Structures are given as C-alpha cells and as structure tokens.
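Chains as they are written, first to last, in our numbering: chain A, 489 to 678; chain B, 12 to 651; chain C, 381 to 482.
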C-alpha cells in the first residue's frame, strides 16, 4: 500500500514540476522546477529498487547537470521574461497526445503476448549496487570505457568553447613570448 | 504520254512555288512571267494529250504513289486522262493561261503582285488534281484545294473588310457542302469497298436504290456548294470582291464547274437514280430563272455577270440531271470561253473607269475602248445563244433535251430564262458602251487596256465564235465514256419552229434592251424614281432578301451560340479546370515551402509529426500481422 | 489500482514524454528547449528502470546509466555552443536563428 501511495504522490509531483518547467515564462522558475522534477524521479528509482541508479540520478542530474544549467543561465539575461511567439497550440498538443496514444498502443501489445525473457537476470541475494557493478564491469565494459572517453571529450569541448583566450596556447610558445604576454597584461593592470 | 500528264499536272504547281518565293517581296516581273510560261507548258501538254485521245488513244492511267494502304482501304495518288478529263483539262489550261497573261497587266500597279500569281497557279494546280484524279479521294483533295485557293484569291485585298467577309462566306458555304460530299464519299466507300471510279461504278448496279439515292443526294450536296446552287448561292455574287481575273478564272470557268464535273463523272451512279436526276434538273432550272431575275435590276457590273454564271450553271445542271451528260459538258466548255471573255472585258472597263462598277455611271465607252467593246458584245451574243456563235449550239441543245424528255415545265422555264439572259446581257452592254458619255460627269478619263492584254483575250474571242463547230468531234470523242444519247426532235418541222422561235424571242429581248437603255436622258438612279420604289424591284435588287434572312436567322444565332460556348463553357469550365490544376500545384508548393524555413521550432514540430506517422504505421501493420487471418476472411467475403 | 504494475510506470513514462514533447515543440528560447530535452530523457529512464524491475533484468538499468552519462556530456557541449552563439549574436531566440529564405 505504501508503494501505491508513494507512487501516486511522486507521480503527481513529477508531472506537476515538469509541466511548470515546460509552460512557465520565467527562466528561473523553469530551472527550479526541472531540478525538483529530477529529484522526484530519483525517488521512483528508489521505489523500483534501483538504488545505484537513484543515487547516480541525484548526483549527476540534479547536482552536476543542474549546476551546469545554472552557470549557463548566468550568461543570459534571465530577469526578463521569455517572450515566445507561439505557434498553433492545437497542433502541438494534438501531435503530442496522438503520439502518446500510439505509444501506449504499441507498448500494450507485446505485454499481451507475454513472452519476454530476461537476458541478464538479476542475481538474488546481492545488493543492487553490487549487481550493477558485476554487470557493468563484465558485460558492459566496453560501453563503459567509451562513455568515459566521451565524457572527457565533452569536458574539453566545454572548456574550449566557453573559455577566454582559448586560441592562445601557452604550451606551444617559448619563454620569451610568454614574458611578453605577461608584461602586456601587467601594463594593462597598471 | 505519262510525261505529258505529269507535266500538265505539276507545271502549275512549280509556277506557284516559284512565285511564292517572292511572296513578301515587292513586285517583280519574273514572278508573273514564269508562272504564265509554265502554265503555257501545261496547256501544250494538255493539247498533246487531247490530240492523242482524239486519235483514238487509250486513256492514260498512272498511279503516282500510294497514299493510304491500311487494312482493306487502298487509296493511291492516281491520275487518269480520259475523254472527260481531257476536255476539262483543255478548258482549264486555256482559260488559266489567258488569265495569267492578262493578270500581268491587270495587277500591274498592285503591291502584292507576286502573291497573286502564287495563289492563282496553286488554284490551277488544285483544279488539275480535281479533274485528273481517278478516285474520289483525289477529287476531294482537289475540291478542298480549289476552295482554299479561292478563299485566298477572293480575299486577296484583305485590308478590305468586305473582301475578307466575302472570302469567309465562300469558304464556309463550300465547307458546309463539303460535309455532304464527304458523307457521300463515305457511303461510296462503305458500300463498294473502293474509292476508284472504275471499280466503284462497276459495283453500283448491284446496290439497292435507296442507298444509291442517298449517295447521289449527298454527292450532289457537295456539288451544290461548289456550283452555288440554291440555297448555297449567296457566295458567288459576293465573291466579286476579288480581283477581276480571279472572277474570270474561278467563277466562270473552273471552280464553279467542278460541281458539274462531279455529276458528269459520276454519271453511272446518276443513271441508276433518275428521280434524283430529275430533282437536280428541276433545281437547276429554278436556279437559272432565279439568278436571271436578280441580274435584271442589278447595278454592279461584275455581279450581273456573276448572276449570269449562276444562271448558266443552272442550265448545265438541267442537262446533267436529265441524263444528257455530254451536253452539260459541252455547255460547260463553251460557257467557260465566253464568260471568261466577259469578265476580262469587264476588268478592262473597271480599270479604265478607276474601279467604278455601276454601269449607270458609264456610257458611250465604245469610242474610247473599241476592242473591249467588240469583245464584250461578241461574248454577250454568244451568251444569248445567237446562231452561229458557241452559245447557240450548247444552249439550244439543252432546250432540245428538255423538250424531248417531255419536261415541258423545265423547257418553258429555260426558254423564258434565255430571254431574260439576252435582256440583261445587252442591258449591260448598252449601258456601258452606248448612249451618252455619263462618265464625264465624274471626271474620269478612260483608256483602253494594254495591247498585250487584248492580244491575250483574243484566243477567247475566237473560241467563243467557233466553239460550236467542235460539237461533232467532241461528241464522237466523249461518248466513249459518256452515254451517247442523240437528241433529235422527231419531226423536222417542230425542230425548226423551236429553233427559229427561240432565236426570235432572244433577238426581241435584245432589241427591247437596246430600246430601253440606248437613249439620251438616262440618269444615274438615286433611289427616288418610280421604278426603284416598286415592290418587285426592291425584292429583286435585294436578292429576294435571302442574304438578309441568312444573316438574321442563321449567322446571328450561331454567333450567339458560339459566344456562349466561348464565354461560358470554354472560359469558365475548361480554362478553370486547367488553371485550377495549376493553382493546386502552386498552392501546394507555397504551403510546403514552410517546411524548409530554417526555423528550428518548425522543424521539431515536423519531426514529431513524422514520428507520429511512423508510429501509426507501426500500429497498423502490427494489427494487420496480428489479425491477418481475420482480415483475409473478411476480404474473401467481399469477393476480392 | 492499488497494485502498481508495469503498466502504471509505462503510462507515467508516456505522460512525461508527452510533456517533454510539448516543451520541445513550444519553446522558442534555446535554453528552455534544452530543459524540455532533459525531461524527455528522464521519462525514458523511468521506463527502462521499470521494465528492468518487473522482468528481473539488469539491462534496463544499464541503459539508464548510459543515458545519464550521455545526457550529461550533451549538456556540457550544448551549453558551450549556446554560450558561443550568445556572445556572437546576443540572443538565443529560435526565431532569429534562421537564415534560410524558405
């Protein structure tokens, strides 16, 4: 019973938060609502027994990603309200509802057939984190490493794109030129 | 012999093409001389062929090439020179050569000199195709060709509205009749399986009378258009808008006689349906009287001569309808000569009087234009049928035929018309050449035509006089292909009474004309005299109001109907449909242009729409797979 | 109603996905568009985790991990690009971002 109460509560909260994020005209409210929604989704993961996933959701999404967005928001003028010239409301809502109905139809079909087998069955007795570690570092090792590389690339890309004087490479210049640049900077300050 | 056939046939075409090269250029003499020379060559070839046929040679039959050979239909470009066609060839080439040479002088000051000769020679070529062809299809090609060339020649001075109107009227009336002719040709083909004269006529006796009647009637409808029989006669008088040499060639000697030629050529058919022949003869007699009555009061010189042509065509059809085909052909030949002479003389008068056409405004021209006076008088005497000129032999023969065949009504009509013919012909001559010189009131200084034009007209003069003597030779030659009925009145007394009576009647008419119109004090009628206000005068001078009836009750409603078809149906329905299709395509393009606007939001919306489409396809196919058995059952139940 | 089955989670996931779609189609500010994209990814994560739970299969959770990793890197790169664009043009409104003459 608790499960049901928790499910419905968090479901209602999540939907409300995301709805606010999508429809509000204030950018800060949207950010805040999004962050709240992320937290509530991690609640779902905990309900479903995916502890590791839930923790990762809070740390990565609500922590890192939202922080990134918050820093990004500093660049833009967020005190103004976002003025949006909206297209036809009905097209938007209609398309979305139709796609929702279709997906429901598709999803409900195989459930009737009931012949899905588990590829990587859970091992009983171990905690979720240990199970995840077992599968992640054995069966999914290559994707793991690739994901790591991808994150590295993304980080460098982020730095290069957003940093100042990124076209100037200190490691490729010799000492004399570095001295010159330093002197120039000192002169400016003075 | 085939060489002469081809030469006679294609020399006019070569002349026409040569003159057409200069069509847009200013007048150049050689564009008139070469066609005339080539036509003279055609004349020489025809003469050689005539001599050959006269001396008993077999008809020259060539098949130049195949035109259509599909299934059971076989139509070649074939030409035959037999007795009938060689007579027509002689008539056509003689008159055409003379008219060409005359035109070099007549069209001297015309800017479109070269174009005239191109069309004139093309006309002669079409006429040669018509008379020399050995099947109905070739005949029809020539038929249409002369129609086209006569349209171009009547409307030669196309800047004049009246000329283009007359040209269109001629062409359209001919076209209406051609529809009948085409139906006749179709009937011939359908029932006999061939369009060649010999083979078709050989099969015809085996066919039923009603189908033969239909064939004959429809072919005659075509002849009615070409030869301007009632009710398709109005174009002939209006066709005088064209230059006078055109009238001489086309409306005296050649095109209008094509109808008679058709009836003569199809004589095996018309022999089998004598009731149709009687109808033809009656119509001919009616037209003869009808046209002569309109010429009595007309004040346009060329129109008077045109009505006389119409009247004489009626005579020819009487002869052909009563089965006397050789008589009809003989009258055709004689008539061509003196009618062409009349027209060319009228051309001289017109030139001298600066295109004045009203004989009341002329008078006393015999002093200034001696030779033209002589020629026109001789031609009128021949037309009236006075012995020993050509007209006597042919016209009196027709009267004899009518009498012998016991068609007394036709005989009396023709006799009365002969008197009328003499009257109006000499009314014209008297008004133009005798009496006071009324033209001086209008400040005109007439002069005779160029010498070479008079010399060119001379052969016609000679032929008009002596053509009657050809009768026996002609009869022996032509009865190889035409029925050789000799027409003799049974008792010599009756014959002499008939002949002398006719002559006296005609001479009395001439005298009456002279008395009335050769006197001093003739003034130009201006609409106030008692005569002009009499009802019968009004009826006759308005041509029985027939052109008015046609204009009011045929042309105007048809024009209205055409306007409706144009504005309501063509523009609103057809154009709207075509424009609508184009509009739909344009509209679709305009709408779908927004798909590629470069706006990310729009593209995202389209992406979702595409996803929805794919999802729905997935659902549909999934359902189909899932319920395939039931779907097959339903479809087989529906019968697919 | 009381017994929470796979269907409940799937329907929840679909609703969230629809909200995300509405946001994607509606938003004209690029930053807010990214927010809607995050919603989409999260809804899918819920679905994966639910299926993994109800079928006893860890594949779903693995997938959800990688989705999170990719989403994080996507945010980094995306924000960097957004900043560069903002520096150059001073606005991040979608309607100004089209140079095609369509």
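C-beta: ideal position from N, C-alpha, C; glycine also.
This structure is a prediction, so every number in the text was calculated from the model and none was measured.
Contacts that residue 609(B) makes with chain C (C-beta to C-beta distance below 7 Å)
478, 479, 480, 482
DSSP-derived helix/strand/coil call for residue 566(B):
helix
For the stretch 577 to 598 of chain A, which residues have a CB atom closer than 8 Å to at least one CB atom of chain B, in sequence order?
579, 580, 583, 584, 586, 587, 590, 591, 593, 594, 597
Closer than 7 Å, CB to CB, is residue 408(C) near chain B or not?
yes
Contact residues within the stretch 591 to 623 of chain B, judged by C-beta distance below 8 Å to chain C:
604, 605, 606, 607, 608, 609, 610, 611, 612, 615, 616, 619
In chain B, which residues lie with their C-beta within 7 Å of the C-beta of residue 475(C)?
610
Taking a cut of 8 Å between CB atoms, which residues from the stretch 436 to 449 of chain C lie near chain A?
436, 437, 438, 439, 441, 442, 444, 445, 446, 448, 449
Among 541(A), 558(A), 536(A), 596(A), whose alpha-carbon lies nearest the alpha-carbon of residue 517(A)?
558(A)
Taking only three categories from DSSP, how would you classify residue 658(A)?
helix
Apart from the five residues on each side of it in sequence, which residues of its chain come closer than 7 Å, Cβ to Cβ, to residue 94(B)?
64, 488, 489, 491, 492
Tell me, please, which residues DSSP counts as bridged to residue 438(C).
BP columns for residue 438(C) are empty, so no partner.
Three-state secondary structure (DSSP) of residue 477(B):
helix
Sequence ranges, alpha helix (DSSP H) only - wholly within the stretch 450 to 517 of chain B, length at least 4:
462 to 477, 482 to 489
Quick check: what's the CA-CA separation for residue 354(B) versus residue 591(B)?
58 Å
Cβ-Cβ distance between residue 274(B) and residue 331(B) below 7 Å
yes
Figure out for me which residue from 280(B), 248(B), 261(B), 263(B) has the closest Cα to the Cα of residue 6(B).
Only positions 12 to 651 of chain B appear in this structure, which leaves residue 6(B) out of reach.
List the whole-angstrom C-beta distance separating residue 232(B) from residue 295(B), where the pair is believed to meet the contact cut-off of C-beta under 8 Å.
No, residue 232(B) and residue 295(B) are not in contact; Cβ-Cβ is about 14 Å, not under 8 Å.
Supposed close pair residue 388(B), residue 360(B) - CB separation, criterion 8 Å:
Residue 388(B) to residue 360(B), Cβ: 13 Å. No contact.
Taking DSSP as the reference, what is the three-state secondary structure of residue 551(A)?
helix
In chain order, what residues of the same chain have a beta carbon less than 8 Å from the beta carbon of residue 404(C), not counting five sequence neighbours either side?
413, 416, 417, 420
Could you name each continuous alpha helix (DSSP H) segment of 4 residues or more that falls completely within the stretch 19 to 67 of chain B, going from the start of the chain to the end?
41 to 65
Would residue 424(C) pass as an interface residue toward chain B - the criterion being a Cβ-Cβ separation below 7 Å?
no
Among 462(C), 431(C), 449(C), which residue has its Cα nearest to the Cα of residue 635(A)?
449(C)
Contact the stretch 332 to 350 of chain B vs the stretch 210 to 229 of chain B: 3+ CB pairs below 8 Å
no
Compute the Euclidean distance between the alpha carbons of residue 408(B) and residue 284(B), then round it to the nearest angstrom.
23 Å
In whole angstroms, what separates the C-alpha of residue 471(C) from that of residue 519(A)?
19 Å
Per DSSP, residue 87(B) is paired with what?
77(B)
Just how far apart, CA to CA, sit residue 449(B) and residue 254(B)?
25 Å
Closer than 8 Å by beta-carbon distance: list the chain C residues that pair up with residue 502(A), in chain order.
392, 396
Residue 556(A) and residue 528(A) - do their beta-carbons sit closer together than 7 Å?
no
Cβ of residue 623(B) within 7 Å of Cβ of residue 586(A)?
yes
Contact set between residue 626(B) and chain A, taken where Cβ atoms lie within less than 8 Å:
587, 590, 591, 594
Strictly under 7 Å for the Cβ-Cβ distance: is residue 630(B) near chain A by that measure?
yes
What in chain C is Cβ-close to residue 491(A), meaning under 7 Å?
384
Under 6 Å Cβ to Cβ from residue 459(B), same chain only, skipping five residues before and after it: list those, please.
380
Name, please, each residue of chain A whose Cβ falls closer than 8 Å to the Cβ of residue 433(C).
536, 537, 538
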